[in-house]
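Residue numbers (our numbering): 43 to 198.
Here it is, written out as C-alpha cells:
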C-alpha cells in the first residue's frame, strides 16, 4: 500500500478514523450516534464534498440478495472512480473505497476505506455488532474484495 501526502485518500482516511467508535445502526449516518458501512461512506463523502452523493432510499440488510441486484456496486460506479476489480492487479492505496462480497454467490454489500496502521494494511468500516472499527486487511478480507474505487478530485 502506498501513502500519498495530503491526497484526497489521506483526507478520507482521516475523516473515517474520526468515526471510529460510532455504534452500528442500520441505515444511519451520524458520527458518534450511529452508522452502517454505507452511512460511514456517506459521512466521509459529506465531509469531503459538502453534500450527499444522492438520495438514499430505504434498504434492507439483505441488500437485494433475493433479486440479485448489485445496487451498492452500481451506486459506487455512479459516484466513485473505478480502479480494479481485483485486489491483486495493483497495490491498494490509502483512501480507496473497497467493496466486499461477504459470501460466495451473494451480492456485494459491505464497504470500507483502505488505510495503513502500525501493523500494516487495514481498512475502516462499520460492522454489525462492532460499530466503526479499523481492521487488518487480512487475507480473508482481501479475498472478499470485488471492486476498488477512488474518491474523485475536487473535494473541499
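Backbone N, C-alpha and C fix where the C-beta goes; we use that ideal spot for every residue, glycine too. Bear in mind the structure is a predicted one, so any value in this text is a computation, not a measurement.
Q. Beta carbon of residue 65, beta carbon of residue 173: below 8 Å?
A. yes
**Q.** Neighbour-count burial assignment, residue 195, 16 or more Cβ in a 10 Å radius
**A.** exposed
Q. How should residue 79 be labelled, buried or exposed, when 16 other C-beta atoms within 10 angstroms of its C-beta is the threshold for buried?
A. buried
Q: Return yes when the Cβ of residue 98 is within less than 8 Å of the Cβ of residue 142, no when it is not.
A: no
Q) Can you pull the DSSP bridge partners for residue 158? A) 163
(Q) Can you find the residues in the same chain that come closer than 6 Å, C-beta to C-beta, to residue 121, ignoring five residues on each side of it along the sequence? (A) 95
Q. So, using beta-carbon positions, are residue 193 and residue 90 closer together than 8 Å?
A. yes
Q | Simplified DSSP assignment, three categories, for residue 9 | A | Residue 9 lies beyond the range of the chain shown here (43 to 198); nothing can be said about it.
Q) Does the beta-carbon of residue 157 have 16 or more other beta-carbons within 10 angstroms, so that it is buried, or is it exposed? A) buried
Q. Alpha carbon to alpha carbon, how far is residue 153 from residue 48?
A. 23 Å
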